[in-house]
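So the protein lines, in turn, are chains C and B. Taking the working numbering, the leading residue of the first sequence gets 1, the next gets one more, and so forth. Taking the working numbering, the leading residue of the second sequence gets 1, the next gets one more, and so forth. All C-beta atoms, glycine included, are put in the ideal place defined by N, C-alpha and C. In this text, all values refer to a predicted model and were calculated from it rather than measured experimentally.
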Amino acid sequence: MDQLLLNTGFPILSVLIFLPLAGAVLLLLTKNDAICKNITLLVTSLVAILSIWLICGFDKSSAQFQFGEHYSWINSFNINYTIGVDGISILLILMTTFIMPFCILASWSYIKTRIQTFMICMLIMETAMIGVFAALDFVLFYVLWEAMLIPMYMLIAIWGGPRKIYASIKFFLYTLSGSILLLVGIIWLYTANNYSFYIPDMMWQDYSLTAQTYLFIAFFLAFAIKVPMFPFHTWLPAAHVEAPTAGSVVLASILLKMGTYGFLRFALPITPEATVVLMPYVLWLSIAGIIYGGFTALAQSDMKKLIAYSSVGHMGFVTLGIFVLNIEGVEGAILQMVNHGITTGALFLCVGMIYERTHSRELKAATGLGKYMPIFITFLAFFSLSSFGFPGTNSFVGEFMILAGAFEFDTSLGRFPYLALAAIPGAVLAAAYMLRMLQKVIWGGTDNPDQSWISDLNLREIVTLSPFLFFVFWIGLGPQPFLDLIHTSVVQLLDQFHAHQATTVAANMLLN
Amino acid sequence: MLFLPELTLLGAGLTLFIFSLGKPSSGKIRNLALSLAAVTFLATMLCIYSEGTLFYNSYKVDFFSQFFKVLIALATFIVLIFSGKLDGIKEDIQPEYYLFLFMSVLGLMMLVSSVELLAIFISLELSSFAVYLMVPMRKAGKMGGAQVEAGIKYLLYGVVATGLMLYGMSYIYGLTGSTHLGVIADKLSRMYNQPAAVIAVVLVLAGFFYKLALVPLHFWVPDVYEGASNETTSFIATVPKLAAVALLIRIVTLVTPDGNVMTKVLMVCAIASMFYGNLSALVQTDVKRLLGFSGISHAGFVLLGLLTFDLTGYATAMYYIVGYVFMNLACFLVVCTVAQNGNNVSIDDLTGLHKRAPLLALTLTVGLFALAGIPPLVGFTGKFMLLVGALKQGYLLLVTLAAINTAIAIYYYLSIVRITFCTDDADRGSVITGRFHYILCFSLILIIIIMGTIPQKFIDITTTAVQTLV
């Protein structure tokens, strides 16, 4: 347990996790829609404010898990309630807590039916999402990881678009079947580690390469489907397109990050040798995702679909950054996870706002809005620029670091810069599809539909979007505070990773 | 005192018999049956810690048996509550229906205490024959003669299973010269790897495989589930399974752990049950039939606990079957309530249930997600512990196949959830639910969630229960 700094004071992490759940229980008591909305907004904002505590108390110079809490849960199987935060998870938790209130704000007038159920689903989602990032017990992690499927399924299946049934079932089946083998892997690790589910105990152990390979495949299936990596991405466009705005935002900003978080937290430390062996395949799949996502996005006429496919490309960059296994790459990947959460979340909010007005997600129906919605267009333009990594915005920093990492990519055969070169067209494609969308929405052509009746954003919508814009520029212009938070953990992760490689290589040489 | 629950049931049976001679009203007889069930439940609770043996050591009262008796009484009570006025049963024979129901429960209670082959046989037959009669007592209604067909099928398959079991018992007697389980265990332990012993034990197990609906003795399930009235199916799908698992545990403990062949036999049955049940359930449209097939796959999961041949495994199997009974009760509660005039419920009949009866829709959803094994509900915790137990013994392939099965099963459970929660139908009227239903729904939901999230207490209880066996 030496990796875990126990929190003796106020149990801030547990409060963050369970406050939304308590809010959900509270909602059961009322049937009034307005009260439901207000309570949910209040609870999520409170969680967001409380989570600032995490940054204040977080020791940047330590790679340990901080704010740790440890209680016994199921003794007979040595399952505990163990939670903690390190540099890899802290930004993701903060992103979760900060995005949730704005999801609620965005649903204020969008969701018209069964508001109570909707808010309960959102609150349960928040509990599960924060819990997944904080869990240090593998069973706790898995329980929350799976439990999340129910509210998310409901979000898509009840408040979704015309093909919601198809999309929700596809989402559920895909994600669940992916994580089934993860469960078997978890239990195998439990038996291999003296019957312990404590995640740090499982790291950096000398499992045989065969075992590691199977484990890695189990991890990979679960996480690659969640990311989603090409060719496991097909559930994503369906789910994104059909989900209500808040659902799309949660899905894009937070749920997808769980896949990449899983790679960092589990695949690298638990199966280091297998990671090295299978790394090339993952890297080329990432490149395939970047290029494929870009080309497909270019061909979309549905705005949500366009952003969904752009997500496939962006997440390809993230996995690329993780698996080049150097500091620039991994730090860039973590930063890019946050960036993608902010930018894509904001873009989905924008499309949702158009949808509320025109009741269509078709690009054709939304052309020529620039004249009538100047405020909206300003936001949309900045988010689009951010999406394709325009210098000065957040994604530029992230993508730059990932590409820098990719250029430095070292293999046993020496440098391999072609990987980064292969990813470059993806960045160009991103500019192409984003600018194409932007051009159409702002100016369109001579055959624009009559948009003169459309009203610009109201105050609530401006309040919803502004913080996203703020972070776009903050991370774009001054990313250092964010990188400081993650630096120590990433350095330690990679140091241990390479040290572990060295010892195994040494051991193999001795054997030969 | 040792025999109090059984005596109570016997008394209940006699009371109902007297009433069946007259022509009591449907409501009156229902209240009577409900109170008798409640009294039985109290009696079992009262005797939960009693210990001792009766009838020349052929009847053992210990925590294991008493625990199962409590559950049997509780599950019966719950089934009776949501059965309402027995819409599916002809009115003039309702007292007899209750009479047979109580007799069947009596048989099951005696079964969990029996430690002697003949006692086991008699109790099993008592419980089965009563149910054979309950199945065809359904109103003809829309079904035509299906209820009779179901009854006959149930009887014939049952008789075959019993025959197999008796044959196995004769082998055991031949090998050991005794019908008492204690003596048998002792003697069998010296010849566990003899083909005759293995065949004998497997044949005896067959009788309970039948009750639990495990492949290859599952053929009766779909037709009986569909043909029997909703109330009868609710009973068949829950209460006898408890007793079957109790007896399976008792008999499996006869086998020495390194009985390698036994493990393989159970393993094959487990995997076959899971795949058969889940794959067949995928294409069902009748809710009861679907739950029947899902029951086959769940029975396969229970076997995962038994084939580990260790105490934790048995305890988990117990935990799982208890959880399964509650999940199933939640689903059948909805089926019985939604059914109109005691007709069968197809998946389409659940359209828009969230509007017509929000609480029922929630109960069904929780029950189905639990059956599907989604955390944090009891189905997940049970499955998880079973998988852990099996993998501890090194059965990686088995665990992987079982895990794949959970993924298959999701689809059909989800398709019901989808219908109940995500469709609207203005044409169908709202469902009338009584006050009892509210309490029952909430309690079942709570049990399913609590057993799933804080299972330690339940595991402790089942472990203590299993420990009394050895």
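If the five residues before and after leucine 181 of chain B are omitted, its C-beta is found closer than 6 angstroms to the C-beta atoms of Val115, all from its own chain and listed in chain order. Distance between glycine 368 of chain C and threonine 446 of chain C, taken at the CA atoms: about 9 angstroms. Ranked by Cα distance from tyrosine 71 of chain C, the first of B:Ile454, B:Thr463 and B:Ile459 is B:Ile454. Between proline 455 of chain B and chain C, the shortest Cβ-Cβ separation is below 7 angstroms. Under the three-state reduction of DSSP output, glutamate 51 of chain B falls in the coil class, being neither helix nor strand. Counting only Cβ-Cβ distances below 7 angstroms, valine 388 of chain B has contacts in chain C at Phe77, Ile187 and Tyr190, in chain order.
With respect to the 7 angstroms criterion, threonine 296 of chain C and tyrosine 309 of chain C are classified as neighbours on the basis of their beta carbons.
Taking a beta-carbon distance threshold of 7 angstroms, phenylalanine 317 of chain C does not count as an interface residue toward chain B. Contact of serine 177 of chain C with chain B by beta-carbon distance below 7 angstroms involves Ala407. Partner residues in a beta bridge of aspartate 484 of chain C, as assigned by DSSP, do not exist. Contact between glutamine 456 of chain B and isoleucine 74 of chain C holds: CB atoms are separated by about 5 angstroms, below the 8 angstroms threshold.
Residue B:Leu99 holds the alpha-carbon nearest to the alpha-carbon of phenylalanine 19 of chain B among B:Leu99, B:Glu6, B:Met45 and B:Pro195. Taking 8 angstroms as the upper bound on Cβ-Cβ separation, chain B lies near residues Tyr153, Met154, Ala157, Ile158, Lys164 and Ile165 of the region 151-167 of chain C. Excluding sequence positions up to five before and after serine 294 of chain B, its CB lies within less than 8 angstroms of the CB of Gly277, Asn278, Ala281, Leu371, Ala409, Tyr412 and Tyr413, all in the same chain and listed in chain order. With a threshold of 7 angstroms between beta carbons, proline 376 of chain B makes contact with chain C. Isoleucine 404 of chain B reaches chain C at Ile180, counting residues in chain order whose Cβ is nearer than 7 angstroms. Rounded to the nearest angstrom, the gap between the Cα atoms of isoleucine 327 of chain C and asparagine 193 of chain B is 60 angstroms.
Counting every other CB atom within 10 Å of its CB across the protein chains shown gives leucine 303 of chain B a total of 16 or more, marking it as buried. At a beta-carbon threshold of 8 angstroms, the residues of chain B lying near alanine 147 of chain C are Ile374, Pro375 and Pro376, ordered along the chain.
Residue range 65-74 is occupied by the beta strand (DSSP E) that includes histidine 70 of chain C, with no alpha helix (DSSP H) assigned at that position. When the five nearest sequence neighbours on each side are left out, the beta carbons in the same chain lying within less than 8 angstroms of the beta carbon of valine 325 of chain B are those of Leu71, Ala75, Thr238, Val239, Lys241 and Leu242, in order along the chain.
In the three-state reduction of the DSSP assignment, tyrosine 281 of chain C falls in the helix class.
Annotated as distal: leucine 459 of chain C and isoleucine 375 of chain C, with beta-carbon spacing of 7 angstroms or more. Judged by beta-carbon spacing, alanine 119 of chain B lies beyond the 7 angstroms limit of serine 26 of chain B, meaning their Cβ atoms are not closer than that value. Proximity of lysine 355 of chain B to chain C, defined by a Cβ-Cβ separation below 7 angstroms, is not satisfied. Using a Cβ-Cβ cut-off of 7 angstroms, leucine 414 of chain B counts as an interface residue toward chain C, since at least one Cβ of chain C sits closer than that to its own.
Setting aside the 5 residues that flank it on each side, phenylalanine 223 of chain C is surrounded in the same chain by Gly259, Gly262 and Phe263, each with a C-beta closer than 6 angstroms to its C-beta; the list follows chain order. For valine 143 of chain C, the chain B residues whose C-beta falls within less than 8 angstroms of its own C-beta are Pro375, Pro376 and Phe380, listed in chain order.
In this structure, the straight-line span from the alpha carbon of alanine 432 of chain C to that of leucine 298 of chain C is close to 7 angstroms.
Under DSSP, leucine 6 of chain C forms a beta bridge with C:Gly68. Within the region 175-219 of chain C, complete alpha helix (DSSP H) segments of at least 4 residues are found at 199-202, given in chain order. In the DSSP assignment, lysine 371 of chain C falls outside any alpha helix (DSSP H) and carries neither an H nor an E. Threonine 82 of chain C: member of the beta strand (DSSP E) spanning 79-85, first to last residue. Nearest to methionine 100 of chain C by C-alpha distance, out of C:Ala211, C:Pro272 and C:Ala346, is C:Ala346. Contact annotation: in the region 35-62 of chain C, no residue has its CB less than 8 angstroms from a CB in chain B.
Residue pairing by DSSP leaves alanine 409 of chain B without any beta bridge partner.
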